[in-house]
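Let me begin by presenting the structure, written as structure tokens, before commenting on it.
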Amino acid sequence: MDSHTSNSMTDEAIISSLANGDSKTINYIYKTWYPSVEKMVFKMNGSVDDAYDVFQDSVTILYEKAKGNGLQISCKLSTYLIAISKNVWLNKLAKRKKTSFTVLHEHHEGEVSVEQDINRFFEFERNVEKLQTCFQQIGEPCNELLRAFYIHNKSMQDISEEFGYTNAENAKNQKYKCLLRLRKLFFKHGEKVNEHERAIK
Amino acid sequence: MSEQSNNVYELIEKYCLDLMDEKERRYFEMEMENNPALKEAVEEHKTILLSFDHLQSVQFIHESLDAIHNHSRSSTQILINNLKLHVNKYWKTASVAASVAFVASIMTFLGARTIYKKDTQRTYIELKGDINNLKTDQRKMKNDLSKVRNDIKKKDIQLPEGDSKFSGTAFALNQSGYMVTNLHVVKDYTKIYVFTADNQAHPCSVVKADEENDLAVLKITEEDFSFGTKIPYSVQKANPNIAQRIYSLGYPKADIVYNEGYISSTTGFEGDTSHYQLELPSSPGVSGAPIIDETGNVIGIVSGKQSQSEGITFAVKSKSLLSLLKSLPEDFNQTELVSNSIRSMTRANQVKKIQPFVCVVRVYN
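Same order as they appear, the protein sequences are chains U and C.
Just so we're aligned, residue 422 is where the first sequence starts under the numbering used here, counting upward by one.
Just so we're aligned, residue 5 is where the second sequence starts under the numbering used here, counting upward by one.
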């Protein structure tokens, strides 16, 4: 009820409620850490937009980690978040300068290993970029159908009504066709996919 | 593509999403060992699904943060402006006079300003309480006063000194402090405060006004304000019939009051199609109170009553509110009012859930 109880949250509480997508916790994370991230990016030659960009990516990493097998970090959440932000920013800087980037290894007390998380995140980012291109290529109906199911979590029943399929089964078949098309484009080796089909049969 | 390969993909997806039972999974894994093509297909499918997941997370975090980021910049401005007004106008008032005046401000409300429409027989009365004409139990007033003072001290919110001019009811539109009330409650006043159920004062600004339908959307300007939980009721466009049972929660006095009744006409005062006519007791102070149907959906907002009769109350239809909400700034999440978590609860439990989200609005000049 009152807004003043949120003075501090434990790391555990933040992680578990972030995993549930609690808006108050996201707000708390923003209030608590955005200023430090902004300051850090400023110091490292970034702009306001850069700082906000970096922060969004860092919170996304945190969210995905929390949602996954539960976040297990050996340091304080703030240390982790700052380390992530720093590496995200250095990575972006490197990309801008077209140089390669390797995750910083900081060797001091309470060392934080973020290498895996950062690399995983940028691999996801590359995949999503590829996915977006594929979405454009598979055509509007397929695009909408896949997004409705996989991103907006709509049920097959709702989708079949919304898209005008005769029943959920029909919509589901269409979904697999679309997904197969997407996969072919995504991995760009149509030949191989055909082989799969033969093999599967 | 044949039905059969669709089935295979269904199996692949089921495996990737971990939806298989133990036996099925073991069998599938054995298949995979013997069939490298299947194994590769599974790997590829996994990659695609993970990318979808990632896209979903990115969108969710970006939208959530955008709302906060954009809002935190604009609300700082509002706070600064409000602060300036306070400093200029209210700092100097004598404190003794102020504390006397304060008693008036926490009183309950009886009087109402009457607005005469064209015929004298029936008049339409706006139901905001006029605090200057109050007669209430003195002891209660004193108790309330000290309570309010303590709360104010705690929260460091400086109420304007002087009488609260009018009061009404407002209810929440989301957990972060968007509220709605009648425009006639807050119109022409710049110092608007919402008092939450714990009797804490929260400064508000009017973010959107709809003159035609007598609606005003308020926003609590404290940056970190939150009701703490999702709003239990929904606001949806409904086309209820006459005779449908409804209830309302409002503040005709310092404590919240429950009333129930039914829809007596789908048009309002003199055939106004944007309103309902309700058979529902109402008194000054309940302007802006939600009208809720049996399933916990807000279908209207109390706006006035007919002067000659006791029970006739008018309410603005929720349709007008919904179209007003579409024009709100980006940090207002439109989806929060769609779902309803109290649909199948008993009435008493519905009311218990809704109560914290219905507040008193007071205005000062």
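All C-beta atoms, glycine included, are put in the ideal place defined by N, C-alpha and C.
Here the structure is a predicted model, which means the values were calculated and not measured.
Give the residues of chain C in contact with residue i, contact being defined as C-beta atoms less than 9 angstroms apart.
i: L600(U); result: Y13, E17, H49, I52
Note down, in chain order, each residue of its chain lying with its Cβ closer than 6 angstroms to the Cβ of residue i, except the 5 sequence neighbours on either side.
i: F175(C); result: P294, F361, V362
i: D141(C); result: Residue placement at D141(C) is poorly supported in this model, since its pLDDT is 43, which falls under 50; the coordinates are not used for a value here.
i: K18(C); result: M24
i: D443(U); result: none
i: I196(C); result: V190, C208, V367
i: F556(U); result: N564
Pull up the distance between the alpha-carbon of residue i and that of residue j, whole angstroms please.
i: Q338(C); j: Y455(U); result: 25 angstroms
i: V302(C); j: Q240(C); result: 7 angstroms
i: T350(C); j: V342(C); result: 20 angstroms
i: D276(C); j: Y251(C); result: 21 angstroms
i: A71(C); j: G300(C); result: 27 angstroms
i: D22(C); j: K497(U); result: 32 angstroms
i: I52(C); j: R547(U); result: 12 angstroms
i: T4(C); j: F336(C); result: Not covered by the structure: residue 4(C). The range shown for chain C is 5 to 369.
i: T118(C); j: E340(C); result: Bear in mind that a pLDDT of 31 at T118(C), under 50, signals an unreliable position, so the number given afterwards is only what the model happens to contain. The alpha-carbon atoms of T118(C) and E340(C) are separated by roughly 36 angstroms.
i: S438(U); j: T446(U); result: 7 angstroms
i: L566(U); j: K507(U); result: 38 angstroms
i: P562(U); j: D57(C); result: 20 angstroms
i: L332(C); j: R602(U); result: 40 angstroms
i: R568(U); j: A515(U); result: 32 angstroms
i: E47(C); j: T200(C); result: 53 angstroms
i: S327(C); j: I296(C); result: 18 angstroms
i: Y13(C); j: Q63(C); result: 27 angstroms
i: S171(C); j: L329(C); result: 23 angstroms
i: N564(U); j: V198(C); result: 46 angstroms
i: V221(C); j: S269(C); result: 26 angstroms
Apart from the five residues on each side of it in sequence, which residues of its chain come closer than 7 angstroms, Cβ to Cβ, to residue i?
i: V320(C); result: N217, D218, L219, S278, H279, G304, I305, S307
i: L54(C); result: none
i: F32(C); result: L15, Y19, M24
i: E298(C); result: R249
i: C502(U); result: Checking the displayed sequence, the identity of residue 502(U) turns out to be Leu instead of Cys. Cβ neighbours of L502(U) beyond the five flanking positions: W454, S479, L483.
i: N178(C); result: I235, F336, N337, E340
i: E433(U); result: none
i: A440(U); result: A487, K488
i: Y262(C); result: Y251, L253, V355
i: L325(C); result: V184, L219, V239, I305
i: A592(U); result: M577, I580, S581, F584, Y586
Name the chain U residues whose beta carbon is nearer than 7 angstroms to that of residue i?
i: S307(C); result: Residues of chain U passing the Cβ test: none, with the nearest at roughly 27 angstroms.
i: I65(C); result: Q477, V480, T481, Y484
i: Q60(C); result: I572
i: L187(C); result: Here the premise fails: no neighbours, minimum Cβ distance about 26 angstroms.
i: S68(C); result: S444, I447
Using the Cβ count rule (16 or more neighbours within 10 Å means buried), how would you classify residue i?
i: R249(C); result: exposed
i: D478(U); result: buried
i: N466(U); result: exposed
i: V469(U); result: exposed
i: I246(C); result: exposed
i: K464(U); result: exposed
i: P244(C); result: buried
i: A98(C); result: Residue placement at A98(C) is poorly supported in this model, since its pLDDT is 42, which falls under 50; the coordinates still yield a value, given next. When all chains shown are included, A98(C) counts as exposed.
i: M34(C); result: exposed
i: N92(C); result: Low confidence applies to N92(C): its pLDDT is 43, below 50, so where it sits in the model is not reliable enough to give any reading.
i: T587(U); result: exposed
i: H49(C); result: buried
i: R517(U); result: exposed
i: N186(C); result: buried
i: D202(C); result: exposed
i: E274(C); result: exposed
i: G181(C); result: buried
i: Q204(C); result: buried
Taking residue i as the query, report the chain C residues whose CB atoms sit under 8 angstroms from its CB, ordered along the chain.
i: L603(U); result: I52
i: V549(U); result: S55, H58, L59, V62
i: F545(U); result: L54, S55, H58
Along chain U, in chain order, which residues have C-beta atoms closer than 8 angstroms to that of residue i?
i: D22(C); result: Simply none; closest approach about 13 angstroms.
Counting only Cβ pairs nearer than 9 angstroms, list the residues of chain U close to residue i.
i: I196(C); result: Going along chain U, no residue has its Cβ under 9 angstroms from I196(C), so there is no contact; the nearest lies around 18 angstroms.
Spatial neighbours of residue i within its chain, please: C-beta separation below 8 angstroms, excluding the five flanking residues on both sides.
i: K356(C); result: none
i: T271(C); result: T277, H279, Y280, Q281
i: K228(C); result: A small fix is needed here, since residue 228(C) is Asp in this sequence, not Lys. None.
i: E314(C); result: P285
i: V475(U); result: V458, V462, G467, S506, V509, W510, K513
Under 7 angstroms Cβ-Cβ, which residues of chain C neighbour residue i?
i: F607(U); result: I52
Inset, instruction - Determine which residues of the stretch 459-490 of chain U have a Cβ less than 8 angstroms from any Cβ of chain C, and write them out in chain order. - result: Cβ contacts with chain C come from Y473, F476, Q477, V480, T481, Y484, E485, K488.
Inset, instruction - Name, going along the chain, the residues of the stretch 551-573 of chain U whose beta-carbon falls closer than 7 angstroms to a beta-carbon of chain C. - result: Against chain C - using a Cβ distance shorter than 7 angstroms - the residues of the stretch 551-573 of chain U are L552, Y571, I572.
Inset, instruction - For the stretch 275-287 of chain C, enumerate the residues whose C-beta is nearer than 9 angstroms to any C-beta of chain U, in chain order. - result: Legend: CB atoms of the stretch 275-287 of chain C lying less than 9 angstroms from CB atoms of chain U are not found in any residue.
Inset, instruction - Below 7 angstroms between beta carbons is the criterion; list the residues of the stretch 439-451 of chain U that meet it against any residue of chain C, in chain order. - result: Those residues of the stretch 439-451 of chain U that come within reach of chain C (Cβ to Cβ, closer than 7 angstroms) are G442, S444, K445, I447, N448, Y451.
Inset, instruction - Scan the stretch 326-346 of chain C for residues whose Cβ lies nearer than 7 angstroms to a Cβ of chain U and list them as they occur along the chain. - result: Those would be none; no residue qualifies.
Legend entry - Chain-ordered residues of the stretch 226-259 of chain C with a beta carbon less than 7 angstroms from chain U: Of all residues in the stretch 226-259 of chain C, only E226, D228, F229, S230, F231, G232 place a beta-carbon less than 7 angstroms from a beta-carbon of chain U.
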